[in-house]
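J.: Under the numbering used here, the sequence shown has 61 at position 61, and the numbering climbs by one with no breaks.
All residues carry an ideal CB built from backbone N, CA and C; glycine is no exception.
First the structure, which I've put down as structure tokens, then a few questions once you've had a look.
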Amino acid sequence: MSNVQASTARSQQLFEEAQELLPGGVDSPVRAFKAVGGTPRFIARGKGSHVWDVDGHRFIDYLASWGPLIAGHAHPGVVAAIQEAAANGTSFGATTEAELELARLVKAAFPSIDLVRFVSSGTEATMTALRLARAYSRREMILKFDGGYHGHADGLLVKAGSGPLTLGAPDSPGVLAGRTLSVPYNDVRAVREAFEAHPRQIAA
């Protein structure tokens, strides 16, 4: 057994168990480590800018839960707010006064925003934005950049990973690629050519 294998023994054990319970052993393909190799690390806890895996290793967390943890892990103010809210109930499936308070804060921070729609994930946010763009513009196609990940929705999983790894193909056989255009990042000419090739067809 190598030093790396020995140092990730608990994560490896949990990953093997997870593959009997979860497709691929994970709840999101990017967590499977296929692009980088090795055993996915199972995280035990986080504090501030660091996380610890189940094998006791400490890491600087550059992902911040893929974006939303701008205050870091287990920030006392955030933990207190969660505890206070949870004490009154964890989910209602109905609108609450707290949503209005948060919407006012968002609008104050971004005055150009007229209305706010809260969703549970980035995938739902992009799906809602695309649905709105298509309805408003009466156009069907969307344009994205190669390698960009914008959520786990069919039209967004076209060239969503590393180009060399995906060969520019949809990341899943179930992805409908026909209405999605993808161009190289930072290539203004490619963007212009895409709009010229599909006039009055691109919604967003």
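Whether or not the region 114-129 and the region 182-189 are in contact is what I'm after, with contact meaning three or more pairs of Cβ atoms, one per stretch, closer than 8 Å; do they touch?
T.: Judged by Cβ distances under 8 Å, the region 182-189 makes no contact with the region 114-129, as fewer than three pairs qualify.
J.: Are there 16 or more other CB atoms within 10 angstroms of the CB of Phe110, so buried, or fewer, so exposed?
T.: In the sequence shown, counting from the first residue as 1, residue 110 sits at position 110. Burial call: exposed.
J.: Residue ranges of each alpha helix (DSSP H) run of no fewer than 4 residues wholly in the region 40-128, ordered along the chain?
T.: List check, alpha helix (DSSP H) in window: 76-87, 97-109.
J.: What is the DSSP secondary structure of Val26, counted as helix, strand or coil?
T.: For the purposes of this step, residue 26 is identified with residue 26 of the sequence shown, where counting begins at 1. In this structure, Val26 counts as coil in the three-state DSSP scheme.
J.: Would you list, in sequence order, the uninterrupted alpha helix (DSSP H) runs of no fewer than 4 residues that lie entirely inside the region 177-202?
T.: With a minimum length of 4 residues, the continuous alpha helix (DSSP H) runs that stay inside the region 177-202 are 188-197.
J.: Name, in chain order, the residues that DSSP records as bridge partners for Glu143.
T.: For the purposes of this step, residue 143 is identified with residue 143 of the sequence shown, where counting begins at 1. Before going on, a small fix: residue 143 reads as Leu here, not Glu. Its beta-bridge partners are Leu181.
J.: Pull the bridge partners of Val36 from the DSSP assignment, please.
T.: Locating residue 36 in the sequence shown gives position 36, counting from the first residue. According to DSSP, Val36 bridges with nothing at all.
J.: Is it buried or exposed for Thr90, if we count other Cβ within 10 angstroms and need 16 for buried?
T.: Counting from 1 along the sequence shown, the entry for residue 90 is found at position 90. So Thr90 counts as exposed.
J.: Alpha carbon to alpha carbon, how far is Trp101 from Ala108?
T.: Taking the sequence shown and counting its residues from 1, the one referred to as residue 101 is at position 101. Taking the sequence shown and counting its residues from 1, the one referred to as residue 108 is at position 108. A small correction: the amino acid at residue 101 is Glu; Trp does not occupy that position in the sequence shown. Going from the Cα of Glu101 to the Cα of Ala108 covers about 11 Å.
J.: On the CB-based measure, 16 or more other CB atoms within 10 Å of its CB, does His73 come out buried or exposed?
T.: The residue you call residue 73 lines up with position 73 of the sequence shown. Classification of His73: buried, given that the 10 Å Cβ count is 16 or more.
J.: Exposed or buried, Leu157, counting other C-beta atoms within 10 Å across all chains shown (16 or more means buried)?
T.: By 1-based counting over the sequence shown, the position of residue 157 is 157. That one is buried.
J.: For Gly48, which residues in the same chain have their Cβ closer than 7 Å to its Cβ, ignoring the five residues on either side in sequence?
T.: Counting from 1 along the sequence shown, the entry for residue 48 is found at position 48. Cβ neighbours of Gly48 beyond the five flanking positions: Gly72, His73.
J.: Considering only the alpha carbon of each residue, which of Lys159, Gly155, Pro76 lies closest to His148?
T.: Here residue 148 refers to the residue found at position 148 when the sequence shown is read from its first residue. A quick correction: the sequence has Gly, not His, at residue 148. Of the candidates Lys159, Gly155, Pro76, the one whose C-alpha sits nearest the C-alpha of Gly148 is Lys159.
J.: Determine the contact status of Ala32 and Gly24, defining contact as a CB-CB distance below 8 Å.
T.: Within the sequence shown, the letter at position 32 stands for residue 32. Within the sequence shown, the letter at position 24 stands for residue 24. Closer than 8 Å, so yes.
J.: Ser65: which of Ala98, His50, Asn186, Ala153 sits nearest, CA to CA?
T.: As a position in the sequence shown, residue 65 is number 65, starting the count at 1. Ranking the options by Cα distance to Ser65, first place goes to His50.
J.: Under 8 Å Cβ to Cβ from Val191, same chain only, skipping five residues before and after it: list those, please.
T.: Locating residue 191 in the sequence shown gives position 191, where the first residue counts as 1. Answer for Val191: Leu143, Val183, listed in chain order.
J.: Span of the alpha helix (DSSP H) holding Ala204?
T.: On the sequence shown, residue 204 is found 204 positions in, with the first residue counted as 1. Neither: Ala204 is in no alpha helix (DSSP H) and is coded neither H nor E.
J.: How would you label Arg189, buried or exposed, when you count the other beta carbons within 10 angstroms and need 16 or more for buried?
T.: Within the sequence shown, residue 189 is the residue found at index 189, counting from 1. Arg189 comes out exposed.
J.: Around the Cβ of Leu15, are there at least 16 other Cβ atoms within 10 angstroms (buried) or fewer (exposed)?
T.: Here the question's residue 15 lines up with position 15 in the sequence shown. First, the amino acid is wrong: residue 15 is Phe here, not Leu. Its Cβ being crowded by 16 or more others within 10 Å, Phe15 is buried.
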